[in-house]
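*Asks:* The structure's right below; bear with me while I get my questions together.
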Amino acid sequence: MNVPQGNLLRKRVVTDLATPLSQALDASVTGYARLEPGDTLLLDAEGVGVITFEDGVPVVAYHSGADSGGADALADIAVAGPSRVALYELDGDALAQLHDADELRVPPGLPAERLAGDPALAERTREAAPASRAAEREREQDGLAAVEQFLDDGDRIADIRERARDQAATRAEEWGFDLPGT
Amino acid sequence: MPAFIPESEANVGMVEVFAVASGKGGTGKTTSTMALGMALADEYDVTVIDADTGMANMLFHAGLADADTSLHDVLAGDAPVEAAVYNRFGMAVVPCGTSLSGFQQAEPDRLRTVVATLAADTDVILLDSPAALGSRSAVLPIVLADSVVVVLQPTIPSLSDGLKVQEYATTYGTDVAGILFNRVTEDEAIDRVATKTEQYFEGETLATVPESDAVRAARRAGEPLLAHAPESTPAAAYREAATRLTVHDRPVDPVADRFRSAVIPDHS
């Protein structure tokens, strides 16, 4: 996914992804957020997440490390954890082609649900979404339904666990921990 | 062999060290640590330690904001452990200071000595752990503990981070004592979520604690929830959680040796 370079609005390290999402919403940003895992030591830190916005409402999501789009990309971004986030402003026309890619689109409130675990922000985002996205809003699962869907994805969870175990073992060496049984 | 633990403290005894942990901040770890501690104190000698030395807040929960000596002083080598122990709410409370200089001067590895020393005189130690896995010192409480209580909110980021905590813990030889759903605001589906979550965690669900004004009021009053609002719904949930925690009898192990064992090589 190629996004034209936009004008940088702000760049910061966040521990809670509700921050950039609510900033984009409150400022009605048209553009995109680039999300990089804050800790480059992390083994699952490969790749960058991108979420685009139209008037503050998320439209598409992509993760370069997993080459995933839409809801899958959100899960990959969520798993990567706290992030360096850069928010860019970009003309809506420059995003139009990207926004036509159905496989990348996300329902308006889903990023807030998946990345921030913030149902109130998700609801606020859904309310701000234009009438043209009503159908997407309808399809969206909110609150615990989204959590249940995540928990039903056994493969993804197995992947999270496996990566964390690899990470823990690699870091044990860096940190000078002797692992049990070694 | 490290010389900082006197042989006399290597008692044969019973102690269970729990790390109360979550990968994500804001899940209510300190509230949970204090509440589980008070509930367990009905039956055991309990010591709670604020091992979140970079973002300490136990002092505000325990009415110890004015404490003269804290864990920072002990970790800096400026005070003996005993000087940072305060008897509050039926427990021994070891708060940590909040100053940046205190944090900078603290030597994180000394936490091992602190735990080993306090282990000699208590049945249960609860370590309020950092909401991070990104550094050696952040992970140390999980490494030192016998088992970890994973505090979760029913959100995807929190569950994902909680899973990472579990995998770190088990990789480092620490068991999972159980999971605690905290700050639950929506209850009709939470049982299903809890059941589905349990299949991925190695410990049972200890309790589901609702989001409550009582928790915020207790914090404002500088008191643990179980002291401020003992009859509240979340207080009852924490008491239930405590009954499900297993405090193992470990009569064979010389207590201090467990914490100066080979898990962490001595750098001194």
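If you read the sequences in order, they're chains A and B.
Reading the first sequence from the start, the letters are residues 1 to 182 in my numbering.
Reading the second sequence from the start, the letters are residues 183 to 450 in my numbering.
Note that CB positions come from ideal geometry on N, CA and C, so glycine has one too.
#1: Could you tell me which chain B residues have their CB closer than 7 Å to the CB of residue 53(A), listed as they occur along the chain?
#2: Within its chain, find whatever has a CB closer than 6 Å to the CB of residue 430(B); leave out the 5 residues flanking it on each side and keep chain order.
#3: Have a look at the DSSP bridge pairing and note the partners of residue 209(A).
#4: Is the beta carbon of residue 359(B) less than 8 Å from the beta carbon of residue 427(B)?
#5: Do you know offhand how far residue 362(B)'s Cα is from residue 334(B)'s?
#6: Between residue 86(A) and residue 33(A), how many whole angstroms is the CB-CB distance? I'm expecting something under 8 Å.
#7: So what does DSSP say about residue 243(B), is it helix, strand or coil?
#8: Taking 8 Å as the CB-CB limit, is residue 336(B) close to chain A?
#9: Closer than 7 Å by C-beta to residue 133(A): which residues in its own chain qualify, once you throw out the five before and the five after it? Chain order, please.
#10: Go to residue 263(B), then tell me how far its beta strand (DSSP E) extends in each direction, as first and last residue.
#11: Can you give me the C-alpha to C-alpha distance between residue 249(B) and residue 66(A), rounded to a whole angstrom?
#12: For a test of the three-state rule: what should DSSP assign to residue 273(B), helix, strand or coil?
#13: Which stretch, first to last residue, makes up the beta strand (DSSP E) that contains residue 198(B)?
#14: Can you give me the C-alpha to C-alpha distance between residue 271(B) and residue 225(B), rounded to a whole angstrom?
#15: Along the chain, where does the alpha helix (DSSP H) containing residue 99(A) start, and where does it finish?
#16: Using a C-beta to C-beta distance shorter than 8 Å, which residues of chain A count as neighbours of residue 341(B)?
#17: Please tell me whether residue 15(A) has its Cβ less than 8 Å away from any Cβ of chain B.
#18: Which residues, taken in chain order from the region 114–148 of chain A, show a beta carbon closer than 9 Å to some beta carbon of chain B?
#19: CA-CA distance, residue 367(B) and residue 259(B)?
#20: Under 7 Å Cβ to Cβ from residue 40(A), same chain only, skipping five residues before and after it: list those, please.
#21: Around the C-beta of residue 118(A), are 16 or more other C-beta atoms found within 10 angstroms, so that it is buried, or is it exposed?
#22: Count the other CB atoms within 10 Å of the CB of residue 288(B); is the residue buried (16 or more) or exposed (fewer)?
#23: So with CB distances below 9 Å, who are the chain B contacts of residue 110(A)?
#24: Consult DSSP for residue 377(B) and reduce its assignment to one of helix, strand or coil.
#25: Just checking, does the region 392–401 of chain B make contact with the region 228–238 of chain B on the three C-beta pairs under 8 Å criterion?
#26: So, is the C-beta of residue 398(B) closer than 8 Å to a C-beta in chain A?
#27: Could you work out which residue in 392(B), 384(B) and 355(B) is closest to residue 372(B) when comparing CA atoms only?
#28: Kindly indicate the opening and closing residues of the beta strand (DSSP E) around residue 11(A).
#29: Taking any Cβ of chain A, which residues in the region 367–386 of chain B have a Cβ under 7 Å from it, in chain order?
#30: Kindly give me the distance between the Cβ atoms of residue 375(B) and residue 110(A), rounded to whole angstroms, as I take these residues to be in contact under 8 Å.
#31: Which of the three DSSP states is assigned to residue 32(A) in this structure?
#32: Going along the chain, which residues of its own chain have a beta-carbon closer than 7 Å to the beta-carbon of residue 329(B), five neighbours each way excluded?
#33: Strictly below 8 Å CB to CB, what residues from chain B border residue 179(A)?
#34: State the Cα-Cα distance for the pair residue 19(A) and residue 140(A), rounded to the nearest angstrom.
#35: Among 317(B), 339(B) and 408(B), which residue has its Cα nearest to the Cα of residue 74(A)?
*Replies:* Looking at the atomic coordinates:
#1: Here residue 53(A) corresponds to residue number 53 of the first sequence, with the count starting at 1. Going along chain B, no residue has its Cβ under 7 Å from residue 53(A), so there is no contact; the nearest lies around 20 Å.
#2: The sequence position of residue 430(B) within the second sequence is 248, counting from 1. Only 198 meet the Cβ criterion.
#3: There is no way to answer for residue 209(A), as the model of chain A reaches only from 1 to 182.
#4: The residue given as residue 359(B) occupies position 177 in the second sequence. The residue given as residue 427(B) occupies position 245 in the second sequence. Cβ atoms of residue 359(B) and residue 427(B): closer than 8 Å.
#5: Locating residue 362(B) in the second sequence gives position 180, counting from the first residue. Locating residue 334(B) in the second sequence gives position 152, counting from the first residue. The straight-line gap from Cα to Cα measures roughly 6 Å.
#6: What you label residue 86(A) is simply residue 86 of the first sequence in a count that begins at 1. What you label residue 33(A) is simply residue 33 of the first sequence in a count that begins at 1. Between residue 33(A) and residue 86(A) the Cβ distance is about 7 Å, and since that is below 8 Å, they are a contact.
#7: By one-based count along the second sequence, residue 243(B) stands at place 61. Helix at residue 243(B).
#8: Taking the first residue of the second sequence as 1, we reach residue 336(B) at position 154. Closer than 8 Å to some Cβ of chain A, the Cβ of residue 336(B) qualifies, so yes.
#9: Taking the first residue of the first sequence as position 1, residue 133(A) is located at position 133. 108.
#10: Numbered from 1 along the second sequence, position 81 holds the residue referred to as residue 263(B). Boundaries cannot be given for residue 263(B), as no beta strand (DSSP E) includes it and DSSP labels it neither H nor E.
#11: Residue mapping note: residue 249(B) aligns to position 67 of the second sequence, counting from 1. Residue mapping note: residue 66(A) aligns to position 66 of the first sequence, counting from 1. Looking at the two C-alpha atoms, the distance is approximately 49 Å.
#12: Position 91 of the second sequence holds residue 273(B). Strand.
#13: Along the second sequence, read from residue 1 onward, the residue named residue 198(B) stands at position 16. Residue 198(B) -> beta strand (DSSP E) spans 198–203.
#14: Residue numbering aside, residue 271(B) sits at position 89 when the second sequence is read from its first letter. Residue numbering aside, residue 225(B) sits at position 43 when the second sequence is read from its first letter. The alpha-carbon atoms of residue 271(B) and residue 225(B) are separated by roughly 14 Å.
#15: The count along the first sequence starts at 1 and reaches residue 99(A) at position 99. Note, residue 99(A): alpha helix (DSSP H), 92–99.
#16: The sequence position of residue 341(B) within the second sequence is 159, counting from 1. The answer, in chain order, is 147, 150 and 151.
#17: What you label residue 15(A) is simply residue 15 of the first sequence in a count that begins at 1. By this cut-off, residue 15(A) is an interface position.
#18: 114, 115, 116, 117, 118, 119, 143, 144, 145, 146, 147 and 148
#19: By one-based count along the second sequence, residue 367(B) stands at place 185. By one-based count along the second sequence, residue 259(B) stands at place 77. Their Cα atoms are separated by approximately 43 Å.
#20: Here residue 40(A) refers to the residue found at position 40 when the first sequence is read from its first residue. In this predicted model, residue 40(A) has a pLDDT of only 46, less than 50, meaning its place in the structure is not dependable; the value taken from the coordinates is given anyway. Hits under 7 Å: none found.
#21: Stepping through the first sequence from its first residue, residue 118(A) is reached at position 118. Burial call: buried.
#22: As a first step, residue 288(B) is located in the second sequence; it is residue number 106 there, counting from the start. Buried is the call here.
#23: If you number the first sequence from 1, residue 110(A) lands on position 110. Those within 9 Å of residue 110(A) in chain B number zero; the least Cβ separation is about 10 Å.
#24: On the second sequence, position 195 is the one that residue 377(B) refers to. Three-state result, residue 377(B): helix.
#25: With a cut-off of 8 Å, the region 228–238 of chain B and the region 392–401 of chain B do not count as touching, because too few Cβ pairs lie within range.
#26: Residue 398(B) sits at position 216 when you count from the first residue of the second sequence. Not one chain A Cβ lies under 8 Å of residue 398(B).
#27: Within the second sequence, the letter at position 190 stands for residue 372(B). With distances taken between Cα atoms, residue 372(B) lies closest to 392(B).
#28: By one-based count along the first sequence, residue 11(A) stands at place 11. Note, residue 11(A): beta strand (DSSP E), 7–14.
#29: Correct list: 368, 371, 372, 374, 375, 378, 379 and 382.
#30: Counting from 1 along the second sequence, the entry for residue 375(B) is found at position 193. Counting from 1 along the first sequence, the entry for residue 110(A) is found at position 110. 18 Å between Cβ atoms; not a contact.
#31: The sequence position of residue 32(A) within the first sequence is 32, counting from 1. Residue 32(A) falls in the strand class under three-state DSSP.
#32: As a first step, residue 329(B) is located in the second sequence; it is residue number 147 there, counting from the start. Around residue 329(B): 200, 356, 357, 358 and 359.
#33: If you number the first sequence from 1, residue 179(A) lands on position 179. Ordered by position in chain B, the residues that pass the 8 Å Cβ test against residue 179(A) are 353, 354 and 355.
#34: Position 19 of the first sequence holds residue 19(A). Position 140 of the first sequence holds residue 140(A). Between residue 19(A) and residue 140(A), the C-alpha separation is close to 21 Å.
#35: Here residue 74(A) refers to the residue found at position 74 of the first sequence. Ranking 317(B), 339(B) and 408(B) by Cα distance to residue 74(A) puts 339(B) first.
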